[in-house]
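Visitor:
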Amino acid sequence: MISNERISDQGRSRDRLHSSVASSLEAQIMSGELAIGERLPSESEIARDFGVSTRSVREAIQILETKGLVRRRHGERTTVVRDDVGEFLGTLAITVRQLFSSDPEYLLQLMVVRRMIETEVVGLLTASEDPVDDEVRAALDSMRQARDSGDFSGFTEADAAFHLALVHSTGNQILSVFYDNLYGLITEVIRVTSRVPSKSLDAAYAEHADILAMIQNRDEAGAKALMRAQIDNSAAYLRVAIKNSKDKDGKNA
759 MISNERISDQ GRSRDRLHSS VASSLEAQIM SGELAIGERL PSESEIARDF
809 GVSTRSVREA IQILETKGLV RRRHGERTTV VRDDVGEFLG TLAITVRQLF
859 SSDPEYLLQL MVVRRMIETE VVGLLTASED PVDDEVRAAL DSMRQARDSG
909 DFSGFTEADA AFHLALVHST GNQILSVFYD NLYGLITEVI RVTSRVPSKS
959 LDAAYAEHAD ILAMIQNRDE AGAKALMRAQ IDNSAAYLRV AIKNSKDKDG
1009 KNA
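Numbers given in the numbering used here equal positions in the sequence shown, counted from 1, plus 758.
(1) Classify Arg-797 as helix, strand or coil using the three-state DSSP reduction.
(2) Could I get the ranges of all uninterrupted alpha helix (DSSP H) runs contained in the stretch 902-961, with 4 residues as the minimum, in chain order?
(3) May I have the straight-line CA-CA distance separating Tyr-864 from Pro-799, to the nearest angstrom?
(4) State the DSSP-derived secondary structure class of Ile-765, mapped to helix, strand or coil.
(5) When every heavy atom of the ligand ZN is checked, does at least one fall within less than 8 Å of the C-beta of Asp-899?
(6) Which residues in the same chain have their Cβ closer than 7 Å to the Cβ of Ser-802, if we skip the five residues on either side of it in sequence?
(7) According to DSSP, simplified to helix, strand and coil, what is Arg-831?
(8) Leaving aside the five residues before and after Ala-904 along the sequence, list all residues of the same chain whose C-beta is less than 6 Å from its C-beta, in chain order.
(9) Give the DSSP-derived three-state secondary structure of Val-838 in the structure shown.
(10) Going by beta carbon distance, what residues of the same chain come within less than 7 Å of Val-815, once the five residues before and after it are set aside?
(11) Identify, in the order they occur along the chain, each residue of the same chain with its Cβ nearer than 6 Å to the Cβ of Asp-977, setting aside the five sequence neighbours on each side.
(12) Mapping the DSSP letters down to three states, classify Ser-811 as helix, strand or coil.
(13) Could you give the distance in angstroms between the alpha-carbon of Ile-794 and the alpha-carbon of Asp-990?
(14) State the Cα-Cα distance for the pair Asp-809 and Gln-820, rounded to the nearest angstrom.
(15) In its own chain, which residues sit with a C-beta less than 6 Å from the C-beta of Arg-872, not counting the 5 before and 5 after it?
(16) Quick check: the Cα distance between Ile-932 and Asn-939, rounded to an integer number of angstroms?
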């Protein structure tokens, strides 16, 4: 419910009025008092509640819209969106996918982003009192089972899940949302790079087990070095896969 706090027009400029309305509404949105998906009252109702003009209300709502806290559509009341991080990153992930579809070289840039994120994730985890959770252990166990049964597809899925679980273990929600949106792409990259050249599932599993062991032993330098080397090797394999694909396309042209 919109606050019935009234803002006096006396002695204040119009700029101060709409800023005050915007700040009050923003506080209610960020606190959850105005929930995501809830429609704001009409501009005239808000103006009456705050004791300001509808012009000031429109300017206040424009500020909130610029911040990604509300959405206005013609003929409808303003809606609280506030899912600003998730919605923005979801849009970003779509944009990234479009780039990849137009030029596979962008996949190599994804590997740079992975290395930046995941080496820092390792640093966060080694400094944590409880560095890994059950999600990490379950993913590693799934890798072991896939290795033992020779299930290549299952292994790559579990491999991607392992890296995702490490990110989730940090407890950093924004980092998790960001990585979650790239997860599908990262899974595809792991699937491609695992085949070029063919590396045994035993060796791949051992690498991940070693990373986990170093994290649990608080060996930040060792865990970072191994994570960095693993992603760099994957990037090298990806370059080979992209080159092979381009060579094949060239022959078929």
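Glycine residues also receive a C-beta, built at the ideal position from the N, C-alpha and C atoms.
Guide: In brief:
(1) strand
(2) 910-927, 931-951
(3) 45 Å
(4) For Ile-765, the predicted model reports a pLDDT of 48, less than 50, meaning its position is unreliable; a value from the coordinates is still stated below. Coil.
(5) No copy of the ligand ZN occurs in the structure displayed, which carries no ligand at all.
(6) Thr-812
(7) coil
(8) Gly-912, Phe-913, Ala-916
(9) strand
(10) Val-779, Glu-801, Ile-804, Ala-805
(11) none
(12) coil
(13) 41 Å
(14) Per the sequence presented here, residue 809 reads as Gly, with Asp not at that position. Taking the straight line from one Cα to the other gives about 18 Å.
(15) Ile-989
(16) 11 Å
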